[in-house]
Amino acid sequence: MIKIKLFGREYSKKEIAEYFGRLEQVAGITSFTYNSGRAKGLKAKEIKTGTGLRYTVLLDRGLNIGKASYQGIPLAFLSSTGEVAPYFYEAETDGWLRSFTGGLLTTCGLRQVGTPCQDQGEKLGMHGRISNIPAEKISEEINWKGNECYLNLSGLIKEAKPLSYNLELHRKISSKLGENKIFIKDIVVNKGSNITPIMILYHFNIGHPILASKAELELNSEKATPRDEVAKNRSENYDEFLKPTTNYPDTVFYHEIPKDENGWCSVAIFNSEIEKGLQISYKKDTLPKFVQWKYTNKGDYVIGLEPSNCRVEGRKKARERGELQFLAPGERKEFNLEIEVLTSNLK
Numbered sequence: 011m012i013k014i015k016l017f018g019r020e021y022s023k024k025e026i027a028e029y030f031g032r033l034e035q036v037a038g039i040t041s042f043t044y045n046s047g048r049a050k051g052l053k054a055k056e057i058k059t060g061t062g063l064r065y066t067v068l069l070d071r072g073l074n075i076g077k078a079s080y081q082g083i084p085l086a087f088l089s090s091t092g093e094v095a096p097y098f099y100e101a102e103t104d105g106w107l108r109s110f111t112g113g114l115l116t117t118c119g120l121r122q123v124g125t126p127c128q129d130q131g132e133k134l135g136m137h138g139r140i141s142n143i144p145a146e147k148i149s150e151e152i153n154w155k156g157n158e159c160y161l162n163l164s165g166l167i168k169e170a171k172p173l174s175y176n177l178e179l180h181r182k183i184s185s186k187l188g189e190n191k192i193f194i195k196d197i198v199v200n201k202g203s204n205i206t207p208i209m210i211l212y213h214f215n216i217g218h219p220i221l222a223s224k225a226e227l228e229l230n231s232e233k234a235t236p237r238d239e240v241a242k243n244r245s246e247n248y249d250e251f252l253k254p255t256t257n258y259p260d261t262v263f264y265h266e267i268p269k270d271e272n273g274w275c276s277v278a279i280f281n282s283e284i285e286k287g288l289q290i291s292y293k294k295d296t297l298p299k300f301v302q303w304k305y306t307n308k309g310d311y312v313i314g315l316e317p318s319n320c321r322v323e324g325r326k327k328a329r330e331r332g333e334l335q336f337l338a339p340g341e342r343k344e345f346n347l348e349i350e351v352l353t354s355n356l357k
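Residue numbers (the working numbering): 11 to 357.
Here's what the structure looks like:
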């Protein structure tokens, strides 16, 4: 019989019902709304798995994942803006940064990723609009399958413009009771009548204390390509991290990550001093590229581990390179990712 491991022992579904008055004593999904500052009115749900893993899903910010922690240790970088409601979004140029919370996951896309640009007469701001669109048709469920309990949250985010395009992102975020994992399943559907570009990047933001000068980056990279002269001329390697540094530049590398026999790629960062880390796994068939962002600046101490279907130089350059992907009317693409808290090194 499969049992759930909690607090150093194992429980069956029957035993959990016998020991705990409500599952929320151990784990569950809690709804709340921020009530002050630029976050005022922002709706969210916190998911707890019973192991010490807890994370916040921002319902009004494209079902991004904001704060995340494990047994009190923060996993995600949080920027100086804090949580920001979607109505403060600035679409022009790099105004996106003024509401960039960081958080464990910021989704970039769906029709533009990276540097602001103008493509075929359309002005495109940094990283697109999807992370600033409120979700709709939100549902949650606590689903028992035998002795396994799943905490599921799902919703729909629409990125649409009449007379132009109509994209839907169907997102499901799941965790299992007693595990340190987060599962993300996204389906993007072109509901319009025109073919449209599709660009998507999963901006996972890891901060201190996992990120530190002694942190180990485990990429198994077959090839690392600097994005520009800034990255090319760094004195430290892509997998070396400085302590917080004044005026550290925006540094980006592109990596070729091999897939396993099941088509999955995995990357990880681990800090042996605290025996904690994060592993991100994703299906390479729809996320063929991997972007590494280093920004170990004072006050903005963060690494971005970013599976994607594109680079981060904007849609215009993607089109010029012949790398831009498209969705035909009625076509859909599925993206699958897993995040796992590590309590021992993979090596």
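Just so you know, even glycine gets a beta-carbon here, dropped at the ideal spot from N, CA and C.
Bounds of any beta strand (DSSP E) do not take in residue 28; it lies within the alpha helix (DSSP H) bounded by 23-29. Closest by C-alpha distance to residue 342, out of 333, 353, 206, 245, is 206. 7 Å or more divides the Cβ of residue 265 from the Cβ of residue 211. Three or more beta-carbon pairs drawn from the region 243-263 and the region 299-313 are found closer than 8 Å, and the two stretches are therefore classed as touching. Under the three-state reduction of DSSP, residue 348 is assigned to strand. In this structure, residue 80 sits near residue 63, with a CB-CB distance shorter than 7 Å.
Around the beta-carbon of residue 45, fewer than 16 other beta-carbon atoms lie within 10 Å, marking it exposed.
The Cβ atoms of residue 163 and residue 150 sit closer than 7 Å to each other. One Cα belongs to residue 244, the other to residue 336, and the distance between them is close to 35 Å. Under DSSP, residue 353 takes part in no beta bridge, so it has no partner. The three-state reading of DSSP puts residue 162 in strand, counting E and B together. Ranked by Cα distance from residue 276, the first of 316, 142, 238 is 316. Using a C-beta cut-off of 8 Å, the region 270-287 makes no contact with the region 326-340, since fewer than three inter-stretch Cβ pairs fall below that distance. As DSSP reads the structure, residue 265 sits in a beta bridge with 234, 300.
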